[in-house]
Amino acid sequence: MLSLDEIDAVFARYYFEGMGAVSRYDAKFLCELIHDSQPGKCFEVGVASGMSTTFLLKALAKIGPERELVSVDISQQYYADRTKEVGYVVATEVPEPGCRFGLHFHHWSADAAAFAADEKFDFVFIDAHHSHPWATIDTMLILPFVKPGAWIVLHDIALKDIPRFARETGPFHVYNSFLPPKKKSQFENQNIGAVQITGSHRAYEAQLLASLACQWTVSGVIKESFTHRIFELVDRLYSADFALQLRSQIEAHNKSVAFSVSQTRRRS
1478 MLSLDEIDAV
1488 FARYYFEGMG
1498 AVSRYDAKFL
1508 CELIHDSQPG
1518 KCFEVGVASG
1528 MSTTFLLKAL
1538 AKIGPERELV
1548 SVDISQQYYA
1558 DRTKEVGYVV
1568 ATEVPEPGCR
1578 FGLHFHHWSA
1588 DAAAFAADEK
1598 FDFVFIDAHH
1608 SHPWATIDTM
1618 LILPFVKPGA
1628 WIVLHDIALK
1638 DIPRFARETG
1648 PFHVYNSFLP
1658 PKKKSQFENQ
1668 NIGAVQITGS
1678 HRAYEAQLLA
1688 SLACQWTVSG
1698 VIKESFTHRI
1708 FELVDRLYSA
1718 DFALQLRSQI
1728 EAHNKSVAFS
1738 VSQTRRRS
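Numbering follows my numbering, in which position 218 of the sequence shown is assigned residue number 1695; successive positions increment by one, without gaps.
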């Protein structure tokens, strides 16, 4: 298992304030869960600097070269430093990963189906858009492509407790809505947690709807390029009632945002 000293050595080389990466104890939680669950195929959504990707790769290499990590990010440029490419820490820290690895730009959770075509995932790490309901949508789109017993790890479940990030409630709502088995870090502010998937994705419809019922905090409309993919997958993979409720909620949100924008323009 990756030791805290090994984790600290990576942080000493790359960490800077505002980089938006996992903390040293978040990394410890990830590495311990990899060690304990011994996953074969892993999926990561949201790469940014590549700090978490680096620790996932190092932890997987400890348990065998036949393991695999598929990492995706909707962007190619790192948001905290536009001069750097997404995953730049991996490129310098793990130039030759000790397991199978693919980093894919311009991909997101809706692409889980394609990446799981040969084998479903048994470990997932979600650390992408934190405004609600994006973490729920990410979870929803990935769930059909994980094996029973898989762990889905959610980063920033306590981010909402920091005043300037009060709207970043998405990961918390997923973690809070899912039933056990689940666990979270006992270090620092308990900002990382994991839920274990024990049944079919359709068995989680009620928990996904419970999360979606919480107040949405995403500021803009959910673009048609995203909703088209979401609706196509949900219509095909989930129950008709679930798909209808999700569609109604997204359409209502978009109408509400559009109305607010029009009212603001009238006042100005």
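C-beta: ideal position from N, C-alpha, C; glycine also.
The model shown is predicted, which means the values in this text are computed figures rather than measured ones.
Which residues in the same chain as residue i place their Cβ atom closer than 6 Å to its Cβ, once the five residues preceding and following it in sequence are excluded?
{"i": "His1650", "result": "His1609, Ser1688, Cys1691"}
{"i": "Leu1631", "result": "Ile1603, Pro1648, Val1651, Tyr1652, Gly1670"}
{"i": "Phe1719", "result": "Glu1682"}
{"i": "Tyr1491", "result": "Val1566"}
Beta carbon of residue i, beta carbon of residue j: below 9 Å?
{"i": "Thr1560", "j": "Ser1548", "result": "no"}
{"i": "Phe1708", "j": "Tyr1681", "result": "no"}
{"i": "Leu1580", "j": "Gly1497", "result": "no"}
{"i": "Thr1704", "j": "Ile1727", "result": "yes"}
{"i": "His1607", "j": "Glu1665", "result": "no"}
{"i": "Ala1525", "j": "Met1478", "result": "no"}
{"i": "His1512", "j": "Ile1551", "result": "no"}
{"i": "Ala1643", "j": "Asn1668", "result": "no"}
{"i": "Trp1477", "j": "Asp1615", "result": "For residue 1477 there is no data in the structure shown, the boundaries of the chain being 1478 and 1745."}
Once the 5 residues before and after residue i are set aside, which same chain residues still bring their CB inside 8 Å of it?
{"i": "Leu1534", "result": "Leu1546, Val1567, Val1571, Pro1574, Gly1575, Cys1576, Phe1578"}
{"i": "Arg1501", "result": "Leu1481, Ile1484, Asp1485, Phe1488"}
{"i": "Gln1553", "result": "Glu1562, Val1563, Phe1582, His1583"}
{"i": "Val1601", "result": "Cys1519, Phe1520, Glu1521, Val1522, Ile1619, Val1623, Ala1627, Trp1628, Ile1629, Val1630"}
{"i": "Lys1659", "result": "Tyr1652, Gly1670, Ala1671, Val1672, Gln1673"}
For the ligand GTP, any of its heavy atoms closer than 8 Å to the Cβ of residue i?
{"i": "Ala1605", "result": "Absent from the structure shown: the ligand GTP. Ligands present: none."}
Go through its chain and collect everything with a Cβ distance to residue i's Cβ below 7 Å, but skip five positions before and after it.
{"i": "Asn1731", "result": "Val1698, Ile1699"}
{"i": "Pro1657", "result": "none"}
{"i": "Arg1706", "result": "Ala1587"}
{"i": "Ala1589", "result": "Phe1520, Leu1618, Ile1619, Phe1622"}
{"i": "Ala1593", "result": "Phe1622"}
Given that a residue counts as buried once 16 or more other Cβ atoms are within 10 Å of its Cβ, and exposed if not, what is residue i?
{"i": "Asp1482", "result": "exposed"}
{"i": "Thr1613", "result": "buried"}
{"i": "Pro1542", "result": "exposed"}
{"i": "Tyr1556", "result": "exposed"}
{"i": "Phe1506", "result": "buried"}
{"i": "Pro1516", "result": "buried"}
{"i": "Leu1721", "result": "exposed"}
{"i": "Arg1544", "result": "buried"}
{"i": "Ala1717", "result": "exposed"}
In terms of residues, what are the limits of the beta strand (DSSP E) holding residue i?
{"i": "Phe1655", "result": "Premise fails: Phe1655 is in no beta strand (DSSP E) and is neither H nor E."}
{"i": "Ile1669", "result": "1669-1673"}
{"i": "Leu1537", "result": "Per DSSP, Leu1537 belongs to no beta strand (DSSP E); it is in the alpha helix (DSSP H), 1528-1540."}
Counting along the chain, where does the alpha helix (DSSP H) carrying residue i start and finish?
{"i": "Ser1548", "result": "Where Ser1548 is concerned, there is no enclosing alpha helix (DSSP H), although the beta strand (DSSP E) it sits in stretches over 1545-1550."}
{"i": "Arg1501", "result": "1501-1514"}
{"i": "Ala1680", "result": "Per DSSP, Ala1680 belongs to no alpha helix (DSSP H) and is neither H nor E."}
{"i": "Arg1559", "result": "It is not in any alpha helix (DSSP H) - Arg1559 carries neither H nor E in the DSSP assignment."}
{"i": "Arg1577", "result": "Segment 1577-1582 is the beta strand (DSSP E) holding Arg1577; no alpha helix (DSSP H) there."}
{"i": "Phe1520", "result": "Element bounds for Phe1520: not the alpha helix (DSSP H) but the beta strand (DSSP E), 1518-1522."}
{"i": "His1705", "result": "1701-1714"}
- Message: If contact is defined by three or more beta carbon pairs under 8 Å, each pair taking one atom from either stretch, is the stretch 1634-1644 in contact with the stretch 1595-1602?
- Response: Verdict: no, contact absent.
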